[in-house]
Amino acid sequence: MLELLQAGHRLGGAELARRLGVDERTVRRYAARLEDLGVPVVADRGRYGGYRLMPGYKLPPLMLTDDEAVAVVLGLLAGRRTGLPGPAAESALAKVQRVLPDALRDRVQALRDTLGFTGPDRAAGAAPGAVPDTGAVLTLAAAAREHRRVRLRYRSWRGEETERDLDPHGLVLHSGRWYVTGHDHRSGETRTFRVDRIASAEPGAELFEAPGDADPVRDVLRSLARVPYAHEVEVVLQTTLAEARRRVPAAVATLADNTGGEGGGVVLTTRAERLDGMARMLAGLGFPFIVRRPAELRGHVRALARDLAEQADR
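The sequence shown begins at 1 in the UniProt record's numbering and counts up by one.
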């Protein structure tokens, strides 16, 4: 009831009862209980009467640091994604944001508006040592929501530092790591950057128009699937595109419908560091398949088949 009244509206007893799922007698008891707790609830009588909070009354702001606010919001978002009932998570998020100081509330809302997740196991598999700077996370979230260009200082995996202007499309949390994706003016392409490698992020004055087909989650997964490895792999899976997508995560490989092409089915394109591991992955999918490249992969598939046959004969 307090949450509803804090929105600043006068609500009739019948309306409050409907929203709370109780009868009007219970609403009157709730109002009396709030008054006992020192909350000034005003009950206006008459045709246009109802319950409201005394003007000027506010709960004291919840004093959280930026780091604490991000931790709370992330915990609730992750909980919603991993089984916490949606209404409970939404209600808790709304309550937390309502009592945050105005400036921090807006930055936290920007994080909610621009954060994407990549799968149902979003809270699992956190990568150690991949903790980004909270200021960078909030700056990038606000810039993505406002369509504002940012200047990044970015360290590559080799330790090389570059400056670049980025039009951020959104933030994505994948396997315990934060990524930001957007149009990189240095390369002229849509690029993905690990946020824990961003040394600084400064918002600029220039605004940009995001492309209509911008999809941060899709772009991050595609980018990760293109990370260079020792072997380029192309295989035709004898199944439908819908079935292949259920078994093959977007971050693992690129899938293309090949119904009208040679061999039919679905073309799986990916990269692999070890071909024996790729052979096991393909066998585990449960689809018949044809290896297009590399030729060495066929030998690893045969070796796996022999090993499995030997295990079956024991």
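Note that beta-carbon positions come from the ideal geometry of N, C-alpha and C, so glycine has one too. A quick note: this is a predicted structure, and the numbers were derived from the prediction, not measured.
Q. Ends of the beta strand (DSSP E) at L171?
A. As a position in the sequence shown, residue 171 is number 171, starting the count at 1. Counting along the chain, the beta strand (DSSP E) containing L171 begins and ends at E161 to H174.
**Q.** C-alpha gap between V236 and G264, whole angstroms
**A.** Position 236 of the sequence shown, counting from 1, holds the residue named residue 236. Position 264 of the sequence shown, counting from 1, holds the residue named residue 264. C-alpha separation (whole angstroms): 8 Å.
Q.
At 4 residues or longer, what runs of the alpha helix (DSSP H) sit wholly inside the UniProt domain "WCX" (231-309)?
A. If you keep only unbroken alpha helix (DSSP H) runs of at least 4 residues inside the UniProt domain "WCX" (231-309), you get 241-247 and 275-285.
**Q.** Three-state secondary structure (DSSP) of E23
**A.** The sequence position of residue 23 within the sequence shown is 23, counting from 1. Glu is not the amino acid found at residue 23; the sequence shown has Asp there. Note: D23 maps to coil in three-state DSSP.
Q | Beta-carbon spacing of T259, E234 below 9 Å | A | Taking the sequence shown and counting its residues from 1, the one referred to as residue 259 is at position 259. Taking the sequence shown and counting its residues from 1, the one referred to as residue 234 is at position 234. Contact flag unset, no.
(Q) Tell me the rounded alpha-carbon separation between G299 and R158. (A) Numbered from 1 along the sequence shown, position 299 holds the residue referred to as residue 299. Numbered from 1 along the sequence shown, position 158 holds the residue referred to as residue 158. Taking the straight line from one Cα to the other gives about 34 Å.
Q. Alpha carbon to alpha carbon, how far is Q97 from R302?
A. The residue labelled residue 97 in the question sits at position 97 within the sequence shown. The residue labelled residue 302 in the question sits at position 302 within the sequence shown. Computed Cα separation, rounded: 58 Å.
Q: Might you give, ordered along the chain, the residues of its own chain that have their beta carbon closer than 7 Å to the beta carbon of R151, omitting 5 neighbours on each side?
A: In the sequence shown, the residue the question calls residue 151 occupies position 151. The residues are E163, D165, E202 and G204.
Q) In its own chain, which residues sit with a C-beta less than 7 Å from the C-beta of A253, not counting the 5 before and 5 after it? A) Translated into positions along the sequence shown, residue 253 becomes position 253. Cβ within range, chain order: A225, L268, T269 and T270.
(Q) How far does the beta strand (DSSP E) with residue 336 in it extend, from its first residue to its last? (A) In the structure as shown, the chain begins at 1 and stops at 314. Residue 336 is therefore absent and cannot be evaluated.
Q: Rounded to whole angstroms, what's the CA-CA distance from T134 to L297? Just pull it up for me.
A: If you number the sequence shown from 1, residue 134 lands on position 134. If you number the sequence shown from 1, residue 297 lands on position 297. Spanning the two alpha carbons is a distance of roughly 44 Å.
Q | Continuous alpha helix (DSSP H) stretch holding A136: start and end | A | Translated into positions along the sequence shown, residue 136 becomes position 136. Counting along the chain, the alpha helix (DSSP H) containing A136 begins and ends at T134 to E146.
Q: Would you mind sorting R197 into buried or exposed? The rule is 16 or more other CB atoms within 10 Å of its CB.
A: Taking the sequence shown and counting its residues from 1, one reaches residue 197 at position 197. It counts as buried.
Q: For D184, name the three-state secondary structure that DSSP assigns.
A: Residue 184 sits at position 184 when you count from the first residue of the sequence shown. In this structure, D184 counts as strand in the three-state DSSP scheme.
Q. Nearest to L207 by CA position, among H169, R148 and P216, is which residue?
A. Walking along the sequence shown from the start, residue 207 turns up at place 207. The shortest C-alpha separation from L207 is found at R148.
Q. Terminal residues of the continuous alpha helix (DSSP H) containing P216?
A. Working through the sequence shown from its first residue, we reach residue 216 at position 216. Looking at the DSSP string, the run of the alpha helix (DSSP H) that includes P216 is P216 to A225.
Q) Roughly how many angstroms lie between the CA atoms of D213 and S156, to the nearest whole one? A) The residue labelled residue 213 in the question sits at position 213 within the sequence shown. The residue labelled residue 156 in the question sits at position 156 within the sequence shown. Linking D213 to S156 through their CA atoms gives a straight-line distance of about 27 Å.
Q) Using the C-alpha atoms, what's the distance from D167 back to residue 385? A) In the structure as shown, the chain starts at 1 and stops at 314, and residue 385 therefore has no counterpart that could be examined.
Q.
Considering only the alpha carbon of each residue, which of A283, F289 and V108 lies closest to D307?
A. In the sequence shown, residue 307 corresponds to position 307, counting from 1. The shortest C-alpha separation from D307 is found at A283.
**Q.** C-alpha distance - G83 paired with L104, whole-angstrom precision
**A.** Position 83 of the sequence shown, counting from 1, holds the residue named residue 83. Position 104 of the sequence shown, counting from 1, holds the residue named residue 104. In this predicted model, G83 has a pLDDT of only 48, less than 50, meaning its place in the structure is not dependable; the value taken from the coordinates is given anyway. Those two C-alpha atoms are separated by around 27 Å.
Q.
Could you compute how far the alpha carbon of G12 sits from the alpha carbon of R245?
A. Here residue 12 is taken as the residue at index 12 of the sequence shown, counted from 1. Here residue 245 is taken as the residue at index 245 of the sequence shown, counted from 1. Looking at the two C-alpha atoms, the distance is approximately 51 Å.
Q. Looking only at its own chain, which residues have a Cβ that is under 6 Å from the Cβ of V180, when we skip the five neighbours before and after it?
A. Translated into the one-based positions of the sequence shown, residue 180 becomes position 180. Result list for V180: L140, P168, L171, F193 and V195, in chain order.
Q | Rounded straight-line distance, which links the Cα of G176 to that of G125 | A | Walking along the sequence shown from the start, residue 125 turns up at place 125. Walking along the sequence shown from the start, residue 176 turns up at place 176. Since pLDDT at G125 reaches only 41, below the 50 mark, its modelled position is unreliable, and the value read off the structure follows with that caveat. Cα to Cα, the separation comes out at about 6 Å.
(Q) In the DSSP output, what is R191 paired with across the bridge? (A) By one-based count along the sequence shown, residue 191 stands at place 191. R191 is bridged to G182.
Q: Within 10 angstroms of the Cβ of T65, are there 16 or more other Cβ atoms? Answer buried if so, exposed if not.
A: If you number the sequence shown from 1, residue 65 lands on position 65. Exposed, since its Cβ has fewer than 16 Cβ neighbours within 10 Å.
(Q) So if DSSP puts Y30 in a beta bridge, which residue, or which two residues, is it bridged to? (A) Taking the first residue of the sequence shown as position 1, residue 30 is located at position 30. DSSP lists no partner for Y30.
(Q) Tell me the rounded alpha-carbon separation between D121 and E243. (A) Stepping through the sequence shown from its first residue, residue 121 is reached at position 121. Stepping through the sequence shown from its first residue, residue 243 is reached at position 243. Note that D121 scores 44 on pLDDT, short of 50, meaning its location in the model is unreliable; the coordinates nonetheless yield the value given after this. Looking at the two C-alpha atoms, the distance is approximately 20 Å.
Q: Consult DSSP for L37 and reduce its assignment to one of helix, strand or coil.
A: Here the question's residue 37 lines up with position 37 in the sequence shown. If DSSP states are grouped into helix, strand and coil, L37 belongs with coil.
Q) Buried or exposed: L16, going by 16 or more other Cβ atoms within 10 Å of its Cβ? A) Position 16 of the sequence shown, counting from 1, holds the residue named residue 16. It is buried - the Cβ of L16 has at least 16 other Cβ atoms within 10 Å.
Q. Which one of E35, G50, E3 and Y154 has the shortest CA to CA distance from E24?
A. On the sequence shown, position 24 is the one that residue 24 refers to. When only C-alpha atoms are compared, the closest one is G50.
Q.
Looking at M54: is its Cβ nearer than 9 Å to the Cβ of V27?
A. Against the sequence shown, residue 54 aligns to sequence position 54. Against the sequence shown, residue 27 aligns to sequence position 27. It is not a contact, given that the beta carbons lie outside the stated cut-off.
Q.
Measuring straight from C-alpha to C-alpha, what distance separates A14 and V99?
A. Counting from one through the sequence shown, the residue named residue 14 turns up at place 14. Counting from one through the sequence shown, the residue named residue 99 turns up at place 99. So the alpha carbons of these two residues sit roughly 27 Å apart.
Q: Go ahead and pull the three-state DSSP assignment for E90.
A: On the sequence shown, position 90 is the one that residue 90 refers to. Note: E90 maps to helix in three-state DSSP.
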